[in-house]
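For reference, the structure is listed below as structure tokens.
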Amino acid sequence: QARAAMTDLCQYVDVCISNEEDAKDVFGIEAEATDIYAGEINREGYKSVAKQLADKFGFEKVAITLRESHSAFDNGWSAMLYDVASNEYCFSKKYDLHIIDRVGGGDSFGGGLIYALLSGKSTQDAVEFAVAASALKHSIEGDYNMVTVAEVEKLAGGDGSGRIQR
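Residue numbers (full-length UniProt numbering): 1 to 166.
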């Protein structure tokens with residue numbers, strides 16, 4: 001049922017946000033050499049997944065979050081963003097997370113991506129911003145990502161020192 005419902009809805013979508021599991025389970029599109037249950041992600045295999053999704057539904061952009069589950073509380077977290085018009089595939093850096101709360105992690109990725117795209121960020125900068133926003137959310141208890149744009153930009157720009165900022 002999910003496949004039929006999502007297929008009907010996708011005609012209205014410009015920017016698709018998915019994860020490694022949903023592309024496979026809902027649309028039958030799978031990355032090669034990937035075992036999500038073993039925490040093994042072949043990042044390059046998701047180029048094909050993004051292209052197939054874009055070709056099938058006419059998306060302008062496809063974002064796929066990539067979670068490498070090492071345990072319930074320790075994950076690798078990254079994403080890719082495919083821009084159809086430029087045929088550009090951009091991968092974010094990977095964050096090794098110790099998770100406080102996963103709830104809201106996907107929403108914060110989506111919100112971060114929407115903000116970045118509407119702010120005119122490049123494809124690479126947009127995916128970096130979205131992943132950084134989501135990585136920070138994983139460190140906060142509860143649904144809401146209680147961080148500022150400046151904090152997200154600092155992490156996305158490479159400051160993962162953990163030092164107190166005043």
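C-beta atoms are modelled at their ideal positions from N, C-alpha and C, and glycine is treated no differently.
Asked                                                                                                                                  : Found
Alpha carbon to alpha carbon, how far is residue 95 from residue 48?                                                                   : 23 angstroms
In terms of alpha-carbon separation, which member of 104, 13 and 43 lies closest to residue 34?                                        : 43
Does the Cβ of residue 70 have 16 or more other Cβ atoms within 10 Å, making it buried, or fewer, making it exposed?                   : exposed
Could you check the C-alpha separation between residue 23 and residue 32 for me, to the nearest Å?                                     : 13 angstroms
In whole angstroms, what is the alpha-carbon distance linking residue 156 and residue 133?                                             : 8 angstroms
Grab the span of the beta strand (DSSP E) containing residue 91 for me, first residue to last.                                         : 88-91
Have a look at residue 6 and residue 25 and give me their C-alpha separation to the nearest angstrom.                                  : 12 angstroms
Run through the stretch 49-94 for me and flag every whole beta strand (DSSP E) of 3 or more residues, listed as ranges in chain order. : 61-69, 74-83 and 88-91
Helix, strand or coil for residue 18, going by three-state DSSP, please let me know.                                                   : strand
Give me the Cα-Cα distance between residue 50 and residue 109, rounded to the nearest whole angstrom.                                  : 17 angstroms
Does DSSP put residue 153 in a helix, in a strand, or in coil?                                                                         : helix
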